[in-house]
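K.L.:
Going by my numbering, the sequence shown opens with residue 195, and the numbers climb by one from there. For every residue, glycine included, the Cβ atom is placed at its ideal position computed from N, Cα and C. The structure displayed is predicted, hence computed values, not measured ones.
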Amino acid sequence: MKSVVVIPAYNEGKVIAEVINDIKKHQFNDVIVVDDGSSDDTYEIVKRIDGKIIALRHRINLGKGAALKTGCEAAIKLGADIIVFMDSDGQHKPEDISRFIEKLEKDNLDIVFGSRRIGKDMPLVMMLGNKFLSLAISLLFKIYISDTQSGFRVFRSSVYPKIKWNSTRYAVETEMIVNTSKKKLKFAEIEIKTIYNDNYKGTTIFDGLRIFYNILIWRII
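(1) Write down the C-beta distance between S351 and I277 rounded to the nearest angstrom, noting that I regard them as a contact closer than 8 Å.
(2) Out of curiosity, what's the CA-to-CA distance linking S340 and M370?
(3) Can you check whether the CB of A268 is closer than 9 Å to the CB of I226?
(4) Over the uninterrupted beta strand (DSSP E) stretch that includes R347, give me the two end residues.
(5) Kindly provide the ranges of any beta strand (DSSP E) runs that are 3 or more residues long and lie completely inside the region 249 to 315, ordered along the chain.
(6) Is DSSP giving V209 helix, strand or coil here?
(7) Compute the Euclidean distance between the alpha carbons of I411 and R404, then round it to the nearest angstrom.
(8) Just list the residues that DSSP pairs F222 with in beta bridges.
(9) Roughly how many whole angstroms lie between the Cα atoms of R310 and T388?
(10) Closest to N360 by C-alpha separation, out of I247, G257, K271, would be which residue?
(11) Check whether the Cβ atoms of I239 and I210 lie closer than 9 Å to each other.
(12) Is D230 helix, strand or coil when you go by DSSP?
(13) Could you tell me whether the region 323 to 330 touches the region 243 to 250, using the rule of 3 or more Cβ pairs below 8 Å?
(14) In the DSSP assignment, find the unbroken beta strand (DSSP E) run with S340 in it and report its ends.
(15) Below 9 Å between beta carbons: does that hold for G231 and I254?
(16) Return the bridge partner residues of I384 from the DSSP annotation.
(17) Whole angstroms is fine: what's the gap from D301's alpha carbon to A382's?
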């Protein structure tokens, strides 16, 4: 089973090399980084890294959802059986990838979602917003994922057409969950450790409101 790690990146020149090298240390050498119109040297740094590292680039910033779609379609062209989504800021631990894949294969699942521990380490606004979105999705789509905004997830490339999203920005994670429910895919979630850096870039209150609006629209259409 060929596994390919897809990483969307935006202005992560300070940490992207460390993130990729850490992934390689855990024997995951097929990595696709999609630079989403960064204004720093993220793309150039990735291109200089040795190994089977593919650097793709959007000339302008199109959003996380668009970057993931570009990376996912490139992974499929490479012959990926399993696709791993990770964030580029170093908050995810590469050693968890094996746990995802083991869960996926052992339980014959379509997709496995990473769930960050809800507690003192998670910013309060993020925690409350996350729980609100989890409950909204549960009520409207009969699927409960405790951490809707985690960017760490693993799925079989064969189900990509079923979970394929239209969202170009942060709603992508939520839309994947909604599509998992609509297509009745087999899923699970596993707990992951997360490092929240000082420059953590995640969903804001306004992003959360936009995501909730999208959830309502997805329920109607």
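P.N.:
Let me spell this out:
(1) Here residue 351 refers to the residue found at position 157 when the sequence shown is read from its first residue. Here residue 277 refers to the residue found at position 83 when the sequence shown is read from its first residue. Yes, S351 and I277 are in contact; Cβ-Cβ is about 5 Å, under 8 Å.
(2) Here the question's residue 340 lines up with position 146 in the sequence shown. Here the question's residue 370 lines up with position 176 in the sequence shown. Computed Cα separation, rounded: 14 Å.
(3) Locating residue 226 in the sequence shown gives position 32, counting from the first residue. Locating residue 268 in the sequence shown gives position 74, counting from the first residue. Yes, Cβ-Cβ distance for I226 and A268 is below 9 Å.
(4) Taking the first residue of the sequence shown as position 1, residue 347 is located at position 153. Segment 347 to 350, the beta strand (DSSP E) holding R347.
(5) 276 to 279, 305 to 310
(6) Taking the sequence shown and counting its residues from 1, the one referred to as residue 209 is at position 15. Coil.
(7) Residue 411 sits at position 217 when you count from the first residue of the sequence shown. Residue 404 sits at position 210 when you count from the first residue of the sequence shown. So the two alpha carbons sit approximately 11 Å from each other.
(8) Here residue 222 refers to the residue found at position 28 when the sequence shown is read from its first residue. Note: F222 sits in no beta bridge, so no partner.
(9) As a first step, residue 310 must be located in the sequence shown, where it is residue number 116. As a first step, residue 388 must be located in the sequence shown, where it is residue number 194. Computed Cα separation, rounded: 6 Å.
(10) Working through the sequence shown from its first residue, we reach residue 360 at position 166. The candidate whose alpha carbon is nearest that of N360 is G257.
(11) Residue numbering aside, residue 239 sits at position 45 when the sequence shown is read from its first letter. Residue numbering aside, residue 210 sits at position 16 when the sequence shown is read from its first letter. It is a contact, given that the beta carbons lie within the stated cut-off.
(12) Against the sequence shown, residue 230 aligns to sequence position 36. Strand, per DSSP.
(13) no
(14) In the sequence shown, the residue the question calls residue 340 occupies position 146. No beta strand (DSSP E) holds S340; DSSP gives it neither H nor E.
(15) Locating residue 231 in the sequence shown gives position 37, counting from the first residue. Locating residue 254 in the sequence shown gives position 60, counting from the first residue. Contact flag set, yes.
(16) Numbered from 1 along the sequence shown, position 190 holds the residue referred to as residue 384. According to DSSP, which records beta bridges pairwise, I384 is partnered with G308.
(17) Here residue 301 refers to the residue found at position 107 when the sequence shown is read from its first residue. Here residue 382 refers to the residue found at position 188 when the sequence shown is read from its first residue. Near 9 Å, if we compare the C-alpha coordinates of A382 and D301.
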